[in-house]
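> Just add 481 to wherever you are in the sequence shown, counting from 1, and you've got my numbering.
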Amino acid sequence: MSFMKEKNTPVMEQYLNLKAQYTDHLLFYRLGDFYELFFDDAIKAAKLLNIVLTKRGNSNGQEIPMCGVPAHSSESYLHKLIDLGFKVAICDQLETADEAKKRGY
């Protein structure tokens, strides 16, 4: 992925590393109370799920397409994508924001 060339936030670096491992999946990436999708995954998911496509930050001088769904209602969105024939990978958040800050993120 060419997006790795620019200095990204730790969150985006982790996302891009995971996405490189699951290129044939839509990656649901947990941030707080939402699962977010970025780049091409966001564009596809927003259209398929009829949810808002927005932007989050920049990479290589371009805005990053993003969409998201509330974690508490994510199951119905996941089932819809799977029923449409998509593979979905889920990255859950295992530490709190305070724990991440203690680690230096």
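Beta carbons are placed, not taken as given, at the ideal position from N, Cα and C, and that holds for glycine.
Take Gly-566 as the anchor and find which of Cys-572, Gln-543 and Leu-507 has the nearest alpha-carbon.
The residue with the shortest Cα to Cα distance from Gly-566 is Leu-507.
> Is the stretch 548-564 touching the stretch 489-502 in the sense that three or more CB pairs, one from each, lie closer than 8 angstroms?
Too few Cβ pairs lie closer than 8 angstroms, so no.
> Taking the alpha-carbon of Cys-572 as reference, which of Ala-527, Ser-555 and Asp-579 has the nearest alpha-carbon?
Comparing Cα positions, the closest option is Ser-555.
> Using CA atoms only, rank isn't needed, just tell me which of Glu-544, Lys-583, Asn-539 and Ala-526 is closest to Ala-570.
Nearest C-alpha to Ala-570: Ala-526.
> Buried or exposed: Leu-518, going by 16 or more other Cβ atoms within 10 Å of its Cβ?
Buried, because 16 or more other Cβ atoms sit within 10 Å of the Cβ of Leu-518.
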